[in-house]
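Here's the structure we're looking at; comments come further down.
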Amino acid sequence: MSESMIRVRGLTKRYERGGETLTVLDNLNLEMEEGRFYALMGPSGSGKTTLLNLIGGLDTADSGELVVAGEDVAQLSGADLAAWRAANVGFVFQGFNLIPVLTARENVELPLKLTPLSGAQRRQQAETALKLVGLGDRMDHRPRQLSGGQEQRVAIARAIATDPKLILADEPTGDLDRKSAEQVLDLLGRLNREFKKTILMVTHDPHAAERAQSIVHLDKGQLGRIEHNQPAAAR
Amino acid sequence: MFKLVLRNLLGHPIRSAITAVSVGVALFLVCILTSIITTLQSGLAAASSTRLVVMSSISLFQDIPLSYQERIASVDGIASVVKWQWFGGYYKSQENFFGQFAVDPERMFEVYPEVKVDEATKQKFLTQRNACIVGWQLAAEFPEWQETGKIPLTGALFPHPSGGAWDFELAGIYRSEAANFDNRTMFFRWDLFEETLKGNGDSPGVGVYVMSLDPGADVERIRAEVETMFENGPATVRCDTESEFTRQFLSMLGDIPMFLGWIGAGVLVAILLGAINAMLMAGREQTHDIGILKALGFTDGAAFGVLIAQSLVLCLAGGAFGVGLAALLEEGIALAIGSAFPGFFIETTTYIGAGVASLLVGLAAGAIPAWNALRVNCVEALRAKGA
Ligand SMILES: Nc1ncnc2c1ncn2[C@@H]1O[C@H](COP(=O)(O)OP(=O)(O)OP(=O)(O)O)[C@@H](O)[C@H]1O
Ligand SMILES: [Mg+2]
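In order, the protein sequences belong to chains A and B. Under the working numbering, the residue at position 61 of the first sequence is numbered 61, and the numbers go up by one with no gaps. Under the working numbering, the residue at position 2 of the second sequence is numbered 1002, and the numbers go up by one with no gaps.
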């Protein structure tokens, strides 16, 4: 039995919109083990992104308990939450979210600036991460000079640069063609198998979800069924 | 992070250049305007309160009689009296404007010890009737004077009896270290002036008498005594200290210094608004980047820093450009406006003030976008459209 990476108890998130209250996540309970690859599926507007942002400490919940990587994230705020994020979570977004004026290497180095590493060490670590995602020859390119698939791989390199235990990916293949999507999914699978990263990936694509070990379904802020894929599918 | 700051600025080279240059030009202007004011004020500050000036009580442009010199000199406590008359001639063209005065050569040096000449110049000026001395700034404007040693002036107010020019010989250059005495004037000898005019059947009046006092002399008593001495004419006079005289002379400029101050302030405000606008645009474009930084774990303070640093780099670069330009052009400007504002120079405090002003413009222009970056919620910022 593996340790718990994410433990969610009675998590509730509401948005006020024009005087109306919208309950996006309603008293949610969830448990995710360390070292597994999860896919999170559900209809549009079901609260997938909201949940991911809460787990990653980008947003704060209204009530409930949220323990991620051993830390009670719900109790953190401001600079403490930012520091926790930097140390424990790597994000991969649908829109890549690279900084356009920085090169691939500089984008990957960015989160390392929050670590005590020296400039040379940062550079070396960024290069290692870029080589791992197969972009050793594109390090000095700006995002605009890269294809979407390459941009997303730079984003993955940035997510793993600080060696976090947890990687949160929100529709990482949503903007990509089939072939690039496969590359990104292969990469995430490798990070899970070879580097023991816990991965939580939101996706609409059942084919992509097949890559995960478990598929968590979310509907209208409520947890649906959880499927466990055959080990063969994860390869 | 500084790389990010610079890249963002260089990402919009034209906007950055325009903002920096406009801040620079504004600060250059402010330096010049401020220096005009400080130049006027330093002349006033350096003016002596123990030197006395006697002028007609009607106006500065009304002559007083030659015969007054002896009587003024007889007043107890007066060390020396020099008479001045405005010659109002020109060299080659009326556009070459500078002051020329007929003075008593020996007494000139007695009354104005701050006017320095070398010994040879002094001897020549004291002994040769058509000799003259000119300030170093004026000499620099007309280098041919030193080459030929001759300064022919057309007497606009006092035509030469020959119908031609007044031919002066350059005895040498004077240099004044005091702000009240400019370096852009020419002085020639009274005896030549008076003798030459006899050829026209004229005898000159005196513009002003300037007196130096014995040490410890009672300024108020002497002033009163001189004024009452000529109470019954033929020309009534007023006697003021040099500083009072300078103050009144400057007051003829009216509110110009204050007006210049307002122009400077207006230029700064206009440029500040331009810089704020540029930084607001930069802030909007970078909202998405700020979201990324925050998601990666950078603090709100770091987000603030990225934007305020861009504003500061722009405005300080602009400020350095403006101050550098002012320093570079200082001498040229001093020559160009020397006739209106003699002794123009830029004080160190003006440079420091301009540096502080560019710092403040940078802080003020960056404050709003930096504050927005600090406050913006990470998730919302990520939803903003990237640049
Ligand atoms: N900042 C916000 N203010 C108000 N409502 C919000 C806000 N963010 C999200 N919502 C609402 O919360 C609900 C859940 O949004 P969320 O983005 O989590 O859905 P999702 O499952 O990720 O959808 P999709 O598959 O389309 O990305 C939606 O109805 C959305 O309109
Ligand atoms: Mg979503």
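Beta carbons are placed, not taken as given, at the ideal position from N, Cα and C, and that holds for glycine. All of these numbers come straight from a predicted model, not from anything done at the bench.
*Ordered along the chain, which non-local residues of its own chain (more than five positions away) have a Cβ less than 6 Å from that of A169 (chain A)?*
The sequence position of residue 169 (chain A) within the first sequence is 169, counting from 1. Counting only Cβ-Cβ distances below 6 Å, and skipping sequence neighbours, we find V92, M201.
*In whole angstroms, what separates the C-alpha of L1033 (chain B) from that of F1097 (chain B)?*
The residue you call residue 1033 (chain B) lines up with position 33 of the second sequence. The residue you call residue 1097 (chain B) lines up with position 97 of the second sequence. When the Cα atoms are used, L1033 (chain B) and F1097 (chain B) turn out to be separated by approximately 22 Å.
*Using the beta carbon as the reference atom, which residues fall closer than 7 Å to any heavy atom of ligand 2, ordered along the chain?*
Every residue passing the under-7 Å Cβ criterion appears here: A:K48, A:T49, A:D170, A:E171, A:V202.
*Just the C-alpha distance for L1006 (chain B) and G1283 (chain B), rounded to the nearest angstrom, thanks.*
Start at 1 with the first residue of the second sequence, and residue 1006 (chain B) comes out as number 6. Start at 1 with the first residue of the second sequence, and residue 1283 (chain B) comes out as number 283. Rounded to the nearest angstrom, the two C-alpha atoms are 14 Å apart.
*Could you pull out every residue in the same chain whose Cβ sits closer than 8 Å to the Cβ of E1177 (chain B), ignoring the five residues on either side in sequence?*
As a first step, residue 1177 (chain B) is located in the second sequence; it is residue number 177 there, counting from the start. Once the five neighbours on either side are set aside, the close Cβ partners of E1177 (chain B) are E1114, K1116.
*Among B:I1036, B:I1292, B:A1278, B:G1172, which residue has its Cα nearest to the Cα of G1149 (chain B)?*
Here residue 1149 (chain B) refers to the residue found at position 149 of the second sequence. The residue with the shortest Cα to Cα distance from G1149 (chain B) is B:G1172.
*Taking only beta carbons into account, state which residues of the segment 1289-1306 of chain B come closer than 9 Å to chain A, listed in chain order.*
Per Cβ criterion, the list reads D1289, G1291, I1292, L1293, K1294, A1295, L1296, G1297, F1298, T1299, D1300, G1301, A1302.
*How long is the line joining the alpha carbons of A157 (chain A) and M1279 (chain B), rounded to whole angstroms?*
Taking the first residue of the first sequence as position 1, residue 157 (chain A) is located at position 157. Taking the first residue of the second sequence as position 1, residue 1279 (chain B) is located at position 279. Looking at the two C-alpha atoms, the distance is approximately 32 Å.
_Does K1092 (chain B) come out as helix, strand or coil in the three-state DSSP assignment?_
Taking the second sequence and counting its residues from 1, the one referred to as residue 1092 (chain B) is at position 92. The answer is coil: DSSP assigns K1092 (chain B) none of H, G, I, E or B.
*Can you name the residues of chain B whose CB is closer than 7 Å to the CB of D59 (chain A)?*
Along the first sequence, one-based indexing puts residue 59 (chain A) at 59. Result: V1379.
_By DSSP's criteria, T198 (chain A) is part of a beta bridge. Which residues make up the other side?_
As a working mapping, residue 198 (chain A) is identified with position 198 in the first sequence. In DSSP, T198 (chain A) forms a bridge with A:L166.
_8 Å Cβ cut-off: residues of chain A touching M1281 (chain B)_ = By one-based count along the second sequence, residue 1281 (chain B) stands at place 281. Ordered by position in chain A, no residue passes the 8 Å Cβ test against M1281 (chain B), which lies about 15 Å from the chain.
_Bounding residues of the alpha helix (DSSP H) (the contiguous stretch that carries F1321 (chain B))_ = Working through the second sequence from its first residue, we reach residue 1321 (chain B) at position 321. Counting along the chain, the alpha helix (DSSP H) containing F1321 (chain B) begins and ends at 1300-1336.
*Does the Cβ-Cβ distance between L1363 (chain B) and A1303 (chain B) come in under 7 Å?*
The residue given as residue 1363 (chain B) occupies position 363 in the second sequence. The residue given as residue 1303 (chain B) occupies position 303 in the second sequence. No, Cβ-Cβ distance for L1363 (chain B) and A1303 (chain B) is not below 7 Å.
*Pair within 7 Å by beta-carbon distance, K13 (chain A) and A61 (chain A)*: Looking up residue 13 (chain A) in the first sequence gives position 13. Looking up residue 61 (chain A) in the first sequence gives position 61. Contact flag set, yes.
*If you scan the segment 1229-1253 of chain B from start to end, which runs of the beta strand (DSSP E) of 3 or more residues do you find wholly inside it?*
If we require 3 residues or more, the beta strand (DSSP E) runs fully inside the segment 1229-1253 of chain B come out as 1237-1241.
*Does the beta-carbon of A1224 (chain B) have 16 or more other beta-carbons within 10 angstroms, so that it is buried, or is it exposed?*
By 1-based counting over the second sequence, the position of residue 1224 (chain B) is 224. Exposed.
*Compute the minimum distance between the beta carbon of Y1351 (chain B) and the heavy atoms of ligand 1, and state whether it is under 6 Å.*
As a working note, residue 1351 (chain B) is residue 351 in the second sequence. Remark: the shortest separation between the CB of Y1351 (chain B) and any heavy atom of ligand 1 does not fall under 6 Å.
*What first and last residue would you give for the alpha helix (DSSP H) that runs through E1122 (chain B)?*
For this step, residue 1122 (chain B) is matched to residue 122 along the second sequence. According to the sequence displayed, residue 1122 (chain B) carries Lys and not Glu. Looking at the DSSP string, the run of the alpha helix (DSSP H) that includes K1122 (chain B) is 1119-1127.
*asked:* Please return the same chain residues whose Cβ sits closer than 6 Å to the Cβ of A129 (chain A), not counting the five positions on each side in sequence.
replied: As a position in the first sequence, residue 129 (chain A) is number 129, starting the count at 1. Sequence-distant partners of A129 (chain A) (beyond 5 residues in either direction) whose C-beta falls short of 6 Å from its own C-beta, in its chain, are V108, A157, I160, A161.
*Hey, out of B:E1119, B:S1093, B:L1170, B:R1051, whose CA is closest to R990 (chain B)'s CA?*
Nothing can be reported for residue 990 (chain B): it is not among the residues displayed for chain B, which extend from 1001 to 1387.
_Y38 (chain A) beta carbon near ligand 1 (any heavy atom closer than 6 Å)_ = For this step, residue 38 (chain A) is matched to residue 38 along the first sequence. Outside the cutoff, so no.
_Given 8 Å, three or more beta-carbon pairs between the segment 63-70 of chain A and the segment 210-227 of chain A_ = Between the segment 63-70 of chain A and the segment 210-227 of chain A there are fewer than three C-beta pairs closer than 8 Å, too few to call the two in contact.
*From the beta carbon of R153 (chain A), is the nearest beta carbon of chain B less than 7 Å away?*
To locate residue 153 (chain A), count along the first sequence from 1; it is residue 153. Chain B, which has no Cβ nearer than 7 Å to the Cβ of R153 (chain A), makes this no.
*What's the gap between the Cα of G95 (chain A) and the Cα of E151 (chain A)?*
As a first step, residue 95 (chain A) is located in the first sequence; it is residue number 95 there, counting from the start. As a first step, residue 151 (chain A) is located in the first sequence; it is residue number 151 there, counting from the start. Rounded to the nearest whole angstrom, the CA to CA distance from G95 (chain A) to E151 (chain A) is 9 Å.
*Starting from the N-terminal side, write out each stretch of the alpha helix (DSSP H) that is 4 residues or longer and does not extend beyond the segment 1130-1163 of chain B.*
Runs found: 1136-1141, 1144-1148.
*Quick one: which unbroken beta strand (DSSP E) runs of 3-plus residues sit fully inside the segment 118-178 of chain A? Chain order, please.*
Taken in chain order, the complete beta strand (DSSP E) segments of 3 residues or longer contained in the segment 118-178 of chain A are 166-170.
_Interface residues of chain B facing E106 (chain A) [CB-CB closer than 9 Å]_ = As a working mapping, residue 106 (chain A) is identified with position 106 in the first sequence. Neighbours of E106 (chain A) on chain B, chain order: K1003, L1004, R1007.
*Where Q222 (chain A) falls: helix, strand or coil (DSSP)*: Numbered from its first residue, the first sequence carries residue 222 (chain A) at position 222. If DSSP states are grouped into helix, strand and coil, Q222 (chain A) belongs with the strands.
_For a minimum of 3 consecutive residues, which ranges assigned as the beta strand (DSSP E) are wholly contained in the segment 43-71 of chain A?_
Counting whole runs of 3 or more residues, the segment 43-71 of chain A contains the beta strand (DSSP E) stretches 63-68.
*Any heavy atom of ligand 1 closer than 6 Å to the CB of R17 (chain A)?*
Working through the first sequence from its first residue, we reach residue 17 (chain A) at position 17. For ligand 1, at least one heavy atom lies less than 6 Å from the Cβ of R17 (chain A).
*Please list the residues of the segment 1037-1063 of chain B that have a C-beta atom closer than 8 Å to any C-beta atom in chain A, keeping them in chain order.*
Nothing from the segment 1037-1063 of chain B brings a Cβ to less than 8 Å from some Cβ of chain A.
*Does DSSP classify H1288 (chain B) as helix, strand or coil?*
Looking up residue 1288 (chain B) in the second sequence gives position 288. Note: H1288 (chain B) maps to helix in three-state DSSP.
*Could you tell me whether the Cβ atoms of L1153 (chain B) and G1089 (chain B) are closer together than 7 Å?*
Here the question's residue 1153 (chain B) lines up with position 153 in the second sequence. Here the question's residue 1089 (chain B) lines up with position 89 in the second sequence. L1153 (chain B) is a Cβ neighbour of G1089 (chain B), given a cutoff of 7 Å.
*Compare the beta carbon distance of G1343 (chain B) and T1039 (chain B) with 7 Å and say whether it is the shorter of the two.*
For the purposes of this step, residue 1343 (chain B) is identified with residue 343 of the second sequence, where counting begins at 1. For the purposes of this step, residue 1039 (chain B) is identified with residue 39 of the second sequence, where counting begins at 1. Cβ atoms of G1343 (chain B) and T1039 (chain B): closer than 7 Å.
_Any beta carbon of chain B sitting closer than 7 Å to that of P111 (chain A)?_
In the first sequence, residue 111 (chain A) corresponds to position 111, counting from 1. Yes, P111 (chain A) counts as interfacial toward chain B.
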